[in-house]
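One structure is given below, encoded as structure tokens.
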Amino acid sequence: MTHSKLALLAILAAISISGEAAFAQQRPSPTEAQQMLQTNPALLQQLRQKIMTSGLTPDQVRARLRAEGYPENLLDAYLPGSTGADSSATTEDVFSAISQLGIADTVDVELLRCGVNPDTLVVPDTLASGLIDTTMNKRRLALRREAARAACAARTDSVNRGIARPRADADSGFVIFGLDFFRNATSQFDPNLSGPVDANYRINPGDRLVLVLTGDVEQSYTLDVTREGFIVIPQVGQIWVNNLTMGELENVLYSRLGRVYSGVRRGAGATTHFYITPARLSSNQIYVTGDVLRPGSYRVSSAGTALSALYAARGPSDNGSLRQVLVRRGGAAVDTL
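Residue numbering for the sequence shown is 509 to 845, as defined by this note's numbering.
Rendered as structure tokens:
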């Protein structure tokens, strides 16, 4: 760990209640952040100090910027001997460059983006005089550092209408496993909207089934499950199917079809065979509440799961939990994921 990172840990270890409140403010806009860098000597010095303690000479900084596709003079304003921030360089380019060059990790960059002013933080003498070298204090300081970053990220979620920025902060060592699964908007994990389904799928009003008869009779029927929960098969009549599994429906059809088609029976002696499968699945209105990024009502395929609803809401927020998802039906808790 570099000297600059240890210094930042020591600063964040002493965050007071007022300091934590400062982290909780919303991230400034790009224009405000640019003005902050130009008018705040403390933050300007913080950036300059990180570059100076990175071990890179000005020529090396320019060479690496050029190799990464940035203008080679992007960080000239923060190199030794400069007088202030370059107004022509965007704040995001500066932050992105120092992260790409390894001058600061993503947690440090996130704190700088939030406008953290180290002059407002108090550094206890005990930490500055050597306790930082102990494993316990390093861990405590690292946790405080990550807590400060999480506070910034939580406000960022709010500013961006509840959508977390997909920042790659794997180098921080505090990435929550599985959270990025919910943050990536993709249709790859959408539940099935049509057949086939397994034998445990429960039939709901709004499902559409296809019945195919072969053998002595060659016929097919498209059967919509009514709001009342039944289907109507020509010559067979009305059959209640609501909340039956596909396996249970098959047993019912053996009995009902066998009364009309004598060849329908179980075993090798059958001369008429049937096949039943969903052609379209209904959807349920699911309410996702609590500490999720997008709480609200969602239409989820009846073949979906609690994870499907959670994925639609973009997963837990920074204040939420992946350890306990409560499933309620009719106001009563029916399961816990």
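For glycine and all other residues, C-beta sits at the position ideal for the given N, C-alpha and C.
It should be emphasised that the depicted structure is a prediction, and the values quoted were computed from it without experimental measurement.
With burial defined as no fewer than 16 other Cβ atoms inside 10 Å of the residue's Cβ, what is the status of residue i: buried or exposed?
i	result
Gly610	exposed
Thr730	exposed
Pro786	buried
Gln568	exposed
Thr780	buried
Ser763	exposed
Asp601	exposed
Leu845	exposed
Val733	buried
Asp715	buried
Tyr806	buried
Based on the DSSP secondary-structure assignment, which residues constitute the bridge partners of residue i?
i	result
Ile794	Tyr806
Val740	Gln746
Thr734	According to DSSP, which records beta bridges pairwise, Thr734 is partnered with nothing at all.
Phe782	Leu721
Asp843	Val835
Thr753	Arg710
Gln727	Leu721
Pro824	Val800
Arg716	Asp732 and Arg788
Val569	According to DSSP, which records beta bridges pairwise, Val569 is partnered with nothing at all.
Val705	Its beta-bridge partners do not exist; DSSP assigns none.
Val772	Thr780
Our contact map puts residue i next to residue j with C-beta atoms below 8 Å; I'd like the distance itself, whole angstroms only.
i	j	result
Val808	Ala817	5 Å
Leu789	Ala811	5 Å
Tyr783	Met754	No, Tyr783 and Met754 are not in contact; Cβ-Cβ is about 11 Å, not under 8 Å.
Ser728	Val718	7 Å
Val749	Gly737	7 Å
Gly483	Leu830	Here the chain has residues from 509 to 845 only, and residue 483 is not among them.
Select from the options the residue whose C-alpha is nearest the C-alpha of residue i.
i	options	result
Ser607	Arg572, Asn581 and Asn708	Arg572
Thr797	Gly823, Arg716, Arg774 and Ile784	Gly823
Gly777	Tyr586, Gly723, Ala840 and Arg837	Gly723
Asp751	Ile711, Ala605, Phe782 and Val768	In the sequence as presented, Asp is not what sits at residue 751; that position holds Asn. Ranking the options by Cα distance to Asn751, first place goes to Ile711.
Asp688	Lys558, Leu845 and Leu801	Leu801
Leu701	Asn792, Arg837, Gly577 and Pro742	Asn792
Phe690	Arg837, Val842 and Ser825	Ser825
Gly839	Arg574, Ile739, Tyr795 and Ala707	Tyr795
Arg836	Gly828, Ser562, Tyr769 and Thr813	Thr813
Asp799	Gly775, Gly828, Leu721 and Tyr819	Gly828
Tyr769	Glu726, Pro803 and Ile747	Glu726
Pro699	Pro579, Gln553, Leu815 and Gln557	Leu815
Can you list, in chain order, the residues of its chain with a C-beta nearer than 8 Å to that of residue i? Leave out the 5 residues immediately preceding and following it.
i	result
Ile559	Val569, Leu583, Tyr586, Leu587, Ile606 and Ile611
Arg773	Tyr762 and Gly766
Ser637	Legend: pLDDT at Ser637 = 42, less than 50; position of this residue unreliable, no value from coordinates given.
Gln832	Thr844 and Leu845
Suppose the cutoff is 7 Å on Cβ atoms and the five residues either side in sequence are ignored; what does the same chain contact list for residue i look like?
i	result
Leu761	Phe782 and Ile784
Gly771	Gly723, Asp724, Ala778, Thr779 and Thr780
Gly703	Thr785, Pro786 and Ala787
Leu757	Ile711, Val749 and Ile784
Ala707	Thr753, Met754 and Gly755
Pro742	Tyr729
Arg574	Glu580
Pro803	Val796, Thr797 and Ala821
Gly563	none
Looking only at its chain, what residues have a beta carbon closer than 6 Å to the beta carbon of residue i, apart from the 5 residues adjacent to it on each side?
i	result
Pro713	Val733, Arg735 and Gly737
Val740	Gln746
Val720	Ser728 and Tyr783
Pro566	Leu587
Ala676	Only weak support exists for where Ala676 lies, its pLDDT of 44 falling under 50; the value from the coordinates is given anyway. Cβ neighbours of Ala676 beyond the five flanking positions: none.
Glu576	Gln608
Under 7 Å: does the beta carbon of residue i sit that close to some heavy atom of the ligand ADP?
i	result
Gly703	Of the ligands one can find in the structure shown there are none, so the ligand ADP has no counterpart to examine.
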